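For the sequence shown, position 242 (counting from the first letter as 1) is numbered 241 according to numbering that gives the first Met the number 0, and the numbering increases by one without interruption.
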Amino acid sequence: MPGSRHTPPKGTRTSERPSGAGLAISRPSPNLAPSSPFAVSSSSVPTGPGSVLDLDTHDAVTLKGIAGSPGVAVGPALVLGDLRSSFVRRHIHTAQIQTELDRVQHAVEAAKSSLRAVDAGMPIAMREATGILDAYQLMLEDPTLHERIEHGIRKEKQCAEWAVSIASEEIVAMFGPRVSSERDAYISERRHDVEFVCDRLLRALVGEDTGHSVRLDEPMIVVARDLSPADTASMVREPALAFVTCVGTRTSHTSIMARALEIPCVVGVADALLQIRTGDTIVVDGLTGQVFVHPTPQTIRDARQRSEQHLAFARQLLSARHKPAVTADGVALALKANVELPAEAILAVDHGAQGIGLYRTEFLYIDRTTQPGEDEQYEVYRAIVEAVSPQPVTLRTFDIGGDKFASTFQLPAEMNPALGLRAVRLALKQPEVFLTQLRAMVRASAHGDVRIMVPMVSSVHEMREVKRLIAQAVEQVRARGQAFEEHIPLGMMIEVPAAAIMADVFAKEAEFFSLGTNDLVQYALAIDRGSESLAAQASPFDPAILRMIKFVTEAAKHRGIPVSLCGAMASDPLAACLLVGLGLRELSMEAAAIPEIKEAIRRLYVPEAEAIAAQALECDSADAVEELLARELAPRLIDLLAGIAEDSTISST
C-alpha cells in the first residue's frame with residue numbers, strides 16, 4: 000500500500016536477508032569473473048487482475064545488462080527522467096555579472112550542504128561511499144570548473160545555469176568520446192562524476208530539492224539512465240527494490256553502492272528507458288544481469304524459487320564462514336580478501352578473510368582535484384591495518400594508468416595505455432609522489448602486519464629502484480622520530496609474461512609473489528580484457544596461463560618465498576581447486592566469495608587436485624581444461640555452482 004514502510008506489500012524483496020555473501024544461481028562461464036556478493040530475495044508476488052503485476056496486457060521482453068549487485072527483485076518500475084535540470088538559456092547584462100557569480104557560489108554551498116546531509120544520513124554499512132561523496136564536495140570547488148563557469152558568465156554573458164551546463168559539456172569532452180568498453184570503465188566513471196556534480200549544482204541554482212531527489216511512496220524498482228552515489232545514497236531509507244541503469248559497469252559507483260545497500264542491480268541496460276515505463280512490472284536478476292519486462296507468471300514463479308534457494312544457500316554458507324580453510328586431508332590454506340575501500344576491510348573479516356591479500360590504493364587518487372597527502376594516506380592505511388589486526392594487510396602501491404584514470408596525474412596521450420606509462424613505471428617517473436605514499440605505508444606498519452606490493456613489475460631494475468626508494472622513505476620516517484616496523488616485506492605482482500618467465504630471478508629480489516591473473520591473461524594472450532568480441536578467448540584456463548602459474552609457484556617454492564593469487568580466477572570454485580593442485584596455498588578474492596571458496600576447498604583432497612592439475616597442464620585448449628574440471632570436480636561442487644540449498648552439503652565440522 001502507498002506509504003506503507005514497515006509492512007511492505009507483496010512484490011518486495013525479502014526484508015530478512017543475510018548481511019553477507021551469496022552466490023550466483025546461474026553461474027557465468029568460468030572464464031568470466033563470477034559475481035557473488037550480497038544475497039537479496041523477492042517474496043511472493045500478486046498476479047490477480049488489477050494488481051500492479053497484471054501480466055496479460057503486454058508482451059514479455061528480456062533485456063540484457065551487467066550484473067552489478069546480486070539478488071532477484073520483482074515489482075513495479077519507477078522510471079526517472081534525465082536528472083539534468085531544465086532551465087532557460089538567457090544572456091545577461093554586464094550589471095548582472097556579479098549577481099550570477101554570487102548565485103554560483105551560493106549554489107556550491109547549497110550543493111555541498113546537501114551532500115553532507117546525505118553522507119550524515121547513511122548507515123554504518125554505507126560508509127565506503129563516504130570517500131565518493133567527499134570527492135564530490137571537492138569537485139564542486141574545482142578551479143577548472145569555476146574558471147569555465149566564470150568565463151561563460153563574464154565573457155559570454157551567459158546566465159549561471161547556462162554557464163554551468165556549458166562548462167560541464169566542455170570538461171566531459173576532455174575525456175574523449177563515449178564508449179561502453181569495460182577497458183574505459185574508470186574514464187567513463189570520471190565523466191559521469193563531472194556530470195553528476197554539475198547536475199547537483201544546476202539543481203541548487205534552479206531551486207530544486209537537492210537533498211533528496213527521489214522519494215518512493217511504495218516499494219518500486221528504480222530505472223534511470225544513471226544514478227550518482229549521492230542519488231543512490233539518498234534512497235537508503237526508501238523502499239527501493241532494485242536499480243536498473245542504462246550505463247555503468249560492475250565497478251561503477253551505482254554497482255558499488257547497490258552492493259553496499261544489498262539491493263539487486265543491473266547496469267549497462269542500453270534500452271532500459273525505451274522498453275520500461277513507470278508502473279510496468281519487471282524482474283531484476285542481479286545474478287545473471289537480466290531484466291524481464293512484463294514477465295509471464297512462470298517467469299515470476301521461477302524468479303521467486305531461484306531467489307529463495309539462493310537466499311537459503313547463502314545462509315548456509317555464512318554459517319560456516321569462520322571455519323578453517325583446510326582441505327579434506329588437512330592441508331591449510333589462507334583465504335584473503337581484495338579490497339578497494341576502507342570499510343570493505345571490516346566486511347572481509349566478517350566473511351572469514353584471513354587478512355587482506357590486496358588493498359588497491361588507487362581509490363585515494365581518483366575523484367579528486369589534488370593528490371592525497373602523506374597524513375591522509377597514513378590514516379586510511381592505519382584504519383585498515385587496525386581493522387584486521389593481527390591478520391596481515393598487503394598494501395599495493397598505486398596502479399594508475401592504463402584503464403585507471405586519475406586527473407591528478409598528468410599522463411601523456413598514448414595509443415595503447417595498457418602498454419604505456421602506468422603502475423610502477425609511473426611511480427618511478429614521479430618519485431616524490433611515490434615517496435609520499437611509501438612513507439605513509441611505512442608509518443602504517445607500526446599498527447600491524449603490513450606488507451608492500453608493487454604492481455606491473457617487468458624488470459629487475461624496477462624492483463631495485465623501488466627497494467632504493469623504500470629505504471629512502473624509511474630513513475625519512477626514522478629521521479622524524481615516527482614509529483614503524485623495522486622490517487616490512489616487499490613483494491611484487493606477477494602480471495606480465497616477462498615477470499612470469501623471469502620468476503626464478505625475481506625470487507631473489509622480492510620477498511613474496513602475487514599472481515594477478517586478470518592482467519596476465521590480457522598480456523600473455525594479447526587479448527584486451529575489455530573486448531566483448533574476444534571475451535570467450537580470454538580465459539585463465541588457457542594452458543599457457545596454467546603453465547606460467549605453475550612455473551611461478553615452483554620458482555617461489557625453490558626460493559622459499561610465499562606466492563598468492565589475487566585475480567578473479569580465485570573466486571571460482573573450480574578454478575580454486577585447480578590452483579591448489581598447481582601449488583597455490585594462498586588465494587585472495589572479493590570478500591563475498593570467501594565462504595563459497597572455503598567450502599569448495601574443504602571438499603578437496605590435495606593429491607587428487609595435483610593429479611587434475613597435471614592433466615590440465617597437458618591439455619591443448621582452455622575448453623579441454625574446463626571439460627576436465629567439470630568432469631572431475633563439478634559433481635561434488637554442484638550445489639556451489641548452482642547455488643541451490645542442500646541441508647546436508649555444507650560442511651559441519
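For each residue, glycine too, the CB sits at the ideal point set by N, CA and C.
The model shown is predicted, which means the values in this text are computed figures rather than measured ones.
Going by DSSP, E585 is part of the beta strand (DSSP E) stretching over 585-589. Per DSSP, D503 is one residue of the alpha helix (DSSP H) stretching across 502-505. In this structure, DSSP gives R88 a state outside helix and strand, which the three-state scheme calls coil.
Contact between G285 and A66 holds: their C-beta atoms lie close to 5 Å from each other, under 8 Å. Only residues of its own chain outside the window of five on either side were considered, and among them A333, S563 have a CB closer than 6 Å to the CB of E585, listed in chain order. Three or more Cβ pairs closer than 8 Å define a contact, and the stretch 418-434 falls short of that threshold against the stretch 340-358.
Here the alpha carbon of C576 sits roughly 9 Å from the alpha carbon of L628. The way I'd put it, the stretch 603-617 does touch the stretch 567-582; three or more beta-carbon pairs between them come closer than 8 Å.
Pairing G74 with S306 gives a Cβ-Cβ distance that is not under 9 Å. Looking at the backbone, the Cα of P606 and that of D398 are separated by about 37 Å. For the set E378, L200, R300, the Cα lying nearest the Cα of V282 is the one of R300. The straight-line gap separating the alpha-carbon atoms of P430 and S457 is approximately 18 Å.
Secondary-structure assignment with DSSP links M452 through a beta bridge to R395, G490. S620 counts as exposed, since fewer than 16 other C-beta atoms from the protein chains shown sit within 10 angstroms of its C-beta.
When rounded, the separation of the alpha-carbon atoms in D518 and P496 is 10 Å. Rounded to whole angstroms, S113 and C264 show a C-alpha spacing of 25 Å.
Here the alpha carbons of E589 and E339 stand approximately 10 Å from one another. The C-beta of S318 has fewer than 16 other C-beta atoms within 10 Å across all chains shown, which makes the residue exposed. Taking the C-beta atoms as reference points, L201 is found no nearer than 9 Å to S227. Counting C-beta pairs with one atom in each stretch, the stretch 99-112 and the stretch 151-161 have three or more that are closer than 8 Å, which means they touch.
Across the structure, V348 and V387 are spaced so that their CA atoms are roughly 7 Å apart.
Per DSSP, the beta bridge partners of K63 are Q289. H105 is a Cβ neighbour of A203, given a cutoff of 9 Å. Per DSSP, reduced to three states, the secondary structure at G515 is coil, with no helix or strand assignment. A contact is defined here as three or more CB-CB pairs under 8 Å, and the stretch 554-563 meets this definition with respect to the stretch 503-511. Within the same chain, and ignoring the five residues on either side of Q481 in sequence, the residues whose Cβ sits closer than 7 Å to its Cβ are R442. Between the beta-carbon of L144 and that of A110 there is about 12 Å, and that puts the pair past the 8 Å contact cut. By the CB criterion at 9 Å, I593 and R320 fall inside the cutoff. Counting other Cβ atoms within 10 Å of its Cβ, A119 stays below 16 and is therefore classed as exposed. One Cα belongs to I526, the other to E261, and the distance between them is close to 33 Å.
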